[in-house]
Amino acid sequence: MWTAEQGPYLVTDVFTIPAGCTLTVEPGVIIKLNHAFPSIIVSGTLDMRGAPDAPIVITSFKDDAVGGDTNGDGAASAPAPGDWQYLRTLDMGAFRAEHLRVSYGSNTFYGGGSSRASLIWTGGAELSLSSTTLSHSAGRGVYQESGITTILNSAISDNAGNGYEHRGGLTRISGSNLESDAPAYAVYNPTVADVADARGNWWGSPSGPMHSSNPGGSGAYVSDRALFEPWLLSDPFAPPEPSCCSSVAFIPGLEASRLYGPGAIFENQL
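Quick note on UniProt numbering: the sequence shown kicks off at 1 and runs consecutively.
Here it is, written out as C-alpha cells:
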C-alpha cells in the first residue's frame with residue numbers, strides 16, 4: 001500500500017505489478033517518474049482511489065507544483081509532455097482509478113514508438129477510470145488495443161495526439177470532457193469491426209463534435225465507428241456561473257416585507 005504520508009514516490013525505472021498481486025494507492029499520493037524511460041506496468045491489479053480533496057497524481061519529476069521540488073533544481077526545469085513513458089495494463093491485469101490526475105507522459109521514443117505513445121496503453125485488461133484527468137501527453141491520452149475500458153466523468157484534453165484511440169475491445173466513455181485540438185481526434189477508431197461508445201460527452205461545443213454526419217458540429221473531431229449522439233451541451237467541469245442579481249425588489253420610500261416566526265407580532269423573533 002502506498003500512502004500520502006510516505007510520498008512523494010519517485011519511479012526511476014520500469015515498475016511492475018505482477019500477476020496475482022495488488023497495489024493499493026491511497027488518496028493524496030503523488031507519484032513522479034524520472035526521465036523518459038520509467039513506466040508503470042500492470043499485470044496484476046492497480047487500485048487508485050483518490051478523493052475530491054485529495055486526488056492521486058502521476059506526473060513528471062520536474063513538476064514542482066505537486067510534491068515540491070523533487071529533482072532539487074529550483075526553477076531551472078519545468079515539466080513537459082514526454083518526460084516519462086506510460087502506464088500500461090497487460091493481459092488480465094486491472095487498473096481501477098477515481099480522482100486521479102495523469103500528465104506529462106507518453107515519451108514517443110521509448111513509449112512503443114509514435115504508433116502507441118500514450119499516457120495509458122491498455123491491452124487485454126480492465127481499465128476503469130472515474131473523475132480522472134489525462135492531459136499534457138506527448139502522444140495520446142489512452143491507446144486501447146483490446147480489453148474493456150470504462151471512462152466516466154473524466155477529462156481527456158490538452159494532449160498532442162488523439163485523446164482516445166480505440167484499436168480493439170470494448171469502449172465506453174460517458175459524462176466526460178473530450179476537447180481536443182485539430183488535427184487530433186478526441187475519439188479515433190480505425191477498426192472495421194468494433195464501435196466505440198462515446199455518447200453523452202462534451203466535445204468543446206454545444207453543437208457537438210465535427211463529423212460528416214453532424215455538419216453543424218464545431219467541437220473536437222470524432223472518427224467513424226464511434227457513437228457520439230446524444231452529447232452534452234456544456235462542459236460538465238465548468239464552474240457554475242455566479243448569481244448576480246437578487247430576486248427581491250428594493251423601491252425607495254417603500255418598506256420591505258418583514259418575516260416573523262409563527263405567532264410572533266414583534267421584530268427579531270424569526
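Glycine is no exception: its CB is placed at the ideal position from the N, C-alpha and C atoms.
- In this structure, L33 sits away from W2, with a CB-CB distance that is not shorter than 8 Å.
- With respect to the C-alpha of S212, the residue from V222, G105, G204, A117 having the closest C-alpha is V222.
- A direct Cα-Cα distance of roughly 13 Å separates I173 from Q144.
- In the structure shown, A65 adopts coil according to DSSP, grouped into three states.
- Runs of beta strand (DSSP E) with 3 or more residues, each lying fully within the region 26-67, are found at 30-33, 39-42, 45-49, 56-60, listed in chain order.
- Contact between G44 and T22 holds, with the beta-carbon distance rounding to 6 Å and staying under 8 Å.
- Residue pairing for W202: DSSP places it in a beta bridge opposite N177.
- Proximity to Y86 across G28, M92, G50, T16 peaks at T16, based on C-alpha coordinates.
- Residue state for E5 is assigned as helix, using DSSP reduced to three classes.
- Inter-residue distance for L152 and A160 is about 22 Å (C-alpha atoms, whole angstroms).
- If you compare the alpha carbons of I148, S103, G20 with that of A78, the shortest gap goes to S103.
- Cβ neighbours of E179 within its own chain (closer than 6 Å, five residues either side excluded): S157, G204, A220.
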